[in-house]
Each structure stands twice: as structure tokens, then as C-alpha cells.
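Visitor: In the numbering used here, the protein residues as written are 4 to 323.
Please read through the structure below; I'll follow up with questions.
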Amino acid sequence: MNNTEYSWRSWLPSRWGVSKETKAQRLRDQIRLISGSSVLDEVRIDDTQLLTLTRDDLTELFPGIQNFQTRRTIMELIRDANQDKLQHSSEAFAEALKRLMQNGSNDATVREVVAESLMAFRDLDQQLKAAQASLKPYIEVLISLSEGLARKEQRGYEGTSSRLNTSITGPSPSASAKMDFKAPIKMAPPTSSVRVHLLVCGEILQCEKRILLRLNGVTETELHTSDLVLVLYPIVSRAGTDTEQAIRKIPGGKKAVLVSMYHTFNQNYVCPNIHISSDANIVQHVNVLFHETCHDLLLNCQANEDAIYKIQLVLNQFMC
4 MNNTEYSWRS WLPSRWGVSK ETKAQRLRDQ IRLISGSSVL DEVRIDDTQL LTLTRDDLTE
64 LFPGIQNFQT RRTIMELIRD ANQDKLQHSS EAFAEALKRL MQNGSNDATV REVVAESLMA
124 FRDLDQQLKA AQASLKPYIE VLISLSEGLA RKEQRGYEGT SSRLNTSITG PSPSASAKMD
184 FKAPIKMAPP TSSVRVHLLV CGEILQCEKR ILLRLNGVTE TELHTSDLVL VLYPIVSRAG
244 TDTEQAIRKI PGGKKAVLVS MYHTFNQNYV CPNIHISSDA NIVQHVNVLF HETCHDLLLN
304 CQANEDAIYK IQLVLNQFMC
């Protein structure tokens with residue numbers, strides 16, 4: 004051993020001497036002792052695979068309710084081994100880089116530290132991918148359940164709306180008279196429907212469909228057959244600028260309601276005041292708060308309550 008290599012080995016942590024193979028073998032021996040089985044060797048599970056075993060893998064290797072505690076203990080050993088390996092490898096790797104910067108050396112020992120650290124991080128990457136794969140079915144089930152609950156809630160909302168028979172009168176509800184956003188607006192069943200065209204100017208996560216479901220007496224149609232245009236646009240830069248751009252897209256001669264969409268999960272978000280130049284075709288302007296974490300994308304808040312109320316008032320005027 005040359006003097007340079009010896010100087011590098013003098014600062015390496017003593018635990019670095021315990022090789023990856025030794026740690027894996029120690030884990031394998033522990034599992035064999037706990038389970039009383041050599042099944043890992045029988046199915047030819049190598050050291051890399053040993054550290055990436057999941058709960059499902061252990062259930063196949065050690066089946067039966069009688070092995071529940073065994074599987075649990077083995078899973079804890081595997082988790083501890085992975086954490087220990089990551090901690091030791093990363094510390095040695097960081098120290099090697101520090102020495103490299105200080106001394107500018109390129110001896111074989113430093114290259115060994117870097118190579119083994121790279122192997123350790125690649126193993127960790129494989130473990131993370133295996134963990135993600137095992138979690139994916141659970142995530143898909145939860146997403147399915149969440150969507151099912153949202154659809155059920157919406158069906159309940161529509162059923163309640165169809166039974167209400169009190170017409171909307173008076174001004175928009177004030178902040179002092181708070182209303183439950185989930186409670187539908189009361190109104191008389193319309194004798195006809197308003198043909199509405201949805202003009203979406205930007206990405207709003209298809210919130211236009213959610214808004215339409217909350218309105219009564221509406222039929223979605225093409226632009227040329229519509230009575231009213233619902234212009235929905237996200238606020239992505241300046242509210243005034245985004246609004247002006249949306250107004251330019253409204254076809255001439257069509258009555259329109261402007262719907263400014265604010266992407267936020269803050270139910271108390273205060274929307275900025277927007278000055279809209281006088282235009283006889285703009286019959287109303289409302290603000291809507293939305294976020295993908297909500298069941299039906301629209302926040303349960305006073306701003307959205309006011310928005311639906313005002314749009315419905317406009318629709319009622321077209322039905323008169």
C-alpha cells in the first residue's frame with residue numbers, strides 16, 4: 004500500500020470497512036434465525052433484492068397468520084438496514100468529497116468511496132421505486148373512492164335542487180348574511196331553459212362543468228345558437244390584463260357573463276377589484292375560487308356562493 008492511499012484510509016470512518024456484502028449477509032442470517040427457514044436461499048434472492056423486499060413479498064415468502072409477527076419483525080430489520088446503509092454511505096461520501104476539494108487527490112481509495120456510494124444510492128433508488136410501485140394500487144383505490152364520493156354528493160345536490168320551488172328575489176347575499184355554499188339556490192322551476200355557450204380561455208381544470216351543474220334552467224349549446232355566453236378565464240398574471248384579453252374573445256352581439264377564476268385553496272381569498280369598460284354586452288362579472296384538492300374543484304366559500312347567485316339571477320332574466 005502506498006503512502007497516499009494510506010493517508011486516505013486514515014480518515015475513512017471505521018464503519019466503512021463493513022462491506023455491503025457483510026451487511027446483507029448479516030441481515031440474511033437474522034431473517035433465517037427469526038423465521039427458522041432458508042426460503043430466501045431457496046428462491047435465490049440476492050443481496051439487492053433482499054433490501055427491497057416489500058410486505059407483499061414477505062407475505063408470499065412467509066404465508067399464514069401464524070407468521071404475522073415474523074413478517075413484521077423482518078420488515079423492521081429491512082427498514083433499519085436501509086436507513087443504516089444510507090446514513091453510513093452518505094456520510095462517507097460527503098467526507099470523501101470534502102477531502103477531494105481540500106487535497107485535489109485522485110487516489111484509488113477515494114475512487115472506491117465514490118463508487119460504493121454510487122452503488123448505495125442506486126440501491127436506494129431501486130427501493131424507492133419498489134415502494135412507489137407497492138403504494139400505487141392503494142393510491143388508485145383512494146382516488147376512485149374520492150371520485151365516487153364526489154359524484155354521490157353531486158347527485159344529492161341535484162336531487163335537492165329539483166325539489167325547491169322558491170324564486171330568487173332581491174340583491175346578492177351580503178357578507179353579514181352568510182349562507183351554506185353546499186345548499187342550492189332556491190328558485191321556481193323554469194318554464195324554459197337558457198341556451199348557454201361556455202367560452203373557456205385558459206386552463207381551469209374543467210371547472211366550467213362544475214359551475215354548470217350548480218345552475219338551473221341551463222342548456223349548453225354552440226355559440227351560434229346561444230342566448231348567453233359564459234366566459235371563464237384563469238387569473239394568471241394581472242387580473243385587469245387577463246380580463247381584457249378574455250373580453251376580446253367574446254363574439255360581437257352576444258350577451259356575456261365574465262367569470263374570473265382564481266386558483267387558490269384559501270376560502271377567504273380577497274379577489275381584486277377589476278375595472279371593466281362599459282360594454283352593453285357584458286351583463287355580469289363574478290369571481291370563482293377553485294383548487295384541485297376540493298372534491299368538486301370549487302371551494303366551499305362565500306365568494307363562490309355569491310358567484311352562483313349572480314349568474315342564476317342573469318339566467319332568470321333570460322327566462323322571463
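Just so you know, even glycine gets a beta-carbon here, dropped at the ideal spot from N, CA and C.
Decide if histidine 200 is buried, meaning its Cβ has at least 16 other Cβ atoms within 10 Å, or exposed.
Guide: Position 197 of the sequence shown, counting from 1, holds the residue named residue 200. Its Cβ being crowded by 16 or more others within 10 Å, histidine 200 is buried.
Visitor: Mind checking which residues open and close the alpha helix (DSSP H) that includes glutamine 287?
Guide: As a first step, residue 287 must be located in the sequence shown, where it is residue number 284. According to the DSSP assignment, glutamine 287 belongs to no alpha helix (DSSP H) but to the beta strand (DSSP E) extending over 285–293.
Visitor: DSSP three-state call for valine 273: helix, strand or coil?
Guide: Position 270 of the sequence shown holds residue 273. Valine 273 sits in coil when the DSSP states are folded into three classes, being neither helix nor strand.
Visitor: Under the rule that 16 or more other beta-carbon atoms within 10 Å means buried, what is valine 289, buried or exposed?
Guide: Within the sequence shown, numbered from 1, the residue matching residue 289 stands at position 286. Classification for valine 289: buried.
Visitor: Are there 16 or more other CB atoms within 10 angstroms of the CB of phenylalanine 268, so buried, or fewer, so exposed?
Guide: Within the sequence shown, residue 268 is the residue found at index 265, counting from 1. That one is exposed.
Visitor: Taking just the CA atoms, how far does arginine 198 sit from threonine 224?
Guide: Here residue 224 refers to the residue found at position 221 when the sequence shown is read from its first residue. Here residue 198 refers to the residue found at position 195 when the sequence shown is read from its first residue. Spanning the two alpha carbons is a distance of roughly 6 Å.
Visitor: What's the gap between the Cα of serine 3 and the Cα of leucine 261?
Guide: Residue numbering for the chain in the displayed model covers 4 to 323; residue 3 lies beyond these limits and cannot be assessed.
Visitor: Check the C-beta distance from arginine 213 over to leucine 301 and give it rounded, since I have them as a contact under 8 Å.
Guide: Within the sequence shown, residue 213 is the residue found at index 210, counting from 1. Within the sequence shown, residue 301 is the residue found at index 298, counting from 1. Rounded to whole angstroms, the Cβ separation of arginine 213 and leucine 301 is 5 Å, and the two are in contact under 8 Å.
Visitor: Who pairs with leucine 301 in a beta bridge, going by DSSP?
Guide: By 1-based counting over the sequence shown, the position of residue 301 is 298. Phe293.
Visitor: Along the chain, which unbroken stretches of the alpha helix (DSSP H) at least 4 residues long are found entirely within the stretch 30–71?
Guide: 42–45, 50–53 and 58–64
Visitor: Work out the CA separation of arginine 75 and isoleucine 130 for me, nearest whole Å.
Guide: Indexing the sequence shown from 1 puts residue 130 at position 127. Indexing the sequence shown from 1 puts residue 75 at position 72. With the sequence shown as reference, residue 130 is identified as glutamine, and isoleucine is not the correct amino acid for it. When rounded, the separation of the alpha-carbon atoms in glutamine 130 and arginine 75 is 18 Å.
Visitor: Between arginine 125 and alanine 118, what straight-line distance do the alpha-carbon atoms span, to the nearest angstrom?
Guide: As a first step, residue 125 is located in the sequence shown; it is residue number 122 there, counting from the start. As a first step, residue 118 is located in the sequence shown; it is residue number 115 there, counting from the start. Each residue's alpha carbon lies about 11 Å from the other.
Visitor: With which residues is histidine 200 paired in a DSSP beta bridge?
Guide: Here the question's residue 200 lines up with position 197 in the sequence shown. Paired residues: Val232.
Visitor: Does DSSP classify leucine 316 as helix, strand or coil?
Guide: Position 313 of the sequence shown, counted from the first residue, corresponds to residue 316. DSSP places leucine 316 in helix when its eight states are reduced to three.
Visitor: Using only the alpha-carbon positions, how far apart do alanine 306 and serine 280 sit?
Guide: Mapped onto the sequence shown, residue 306 falls at position 303. Mapped onto the sequence shown, residue 280 falls at position 277. One C-alpha to the other measures close to 22 Å.
Visitor: Determine, using beta carbons only, whether leucine 64 comes closer than 8 Å to chain B.
Guide: In summary, chain B is missing from the structure at hand, where a single protein chain is found.
Visitor: Beta-carbon within less than 8 Å of histidine 294's beta-carbon, same chain only, minus the 5 sequence neighbours each way: which residues are those?
Guide: Residue mapping note: residue 294 aligns to position 291 of the sequence shown, counting from 1. Here the set comprises His266, Thr267, Phe268, Leu300 and Leu302.
Visitor: Grab the span of the beta strand (DSSP E) containing glutamate 223 for me, first residue to last.
Guide: Here residue 223 refers to the residue found at position 220 when the sequence shown is read from its first residue. 221–223 is the span of the beta strand (DSSP E), which, as asked, contains glutamate 223.
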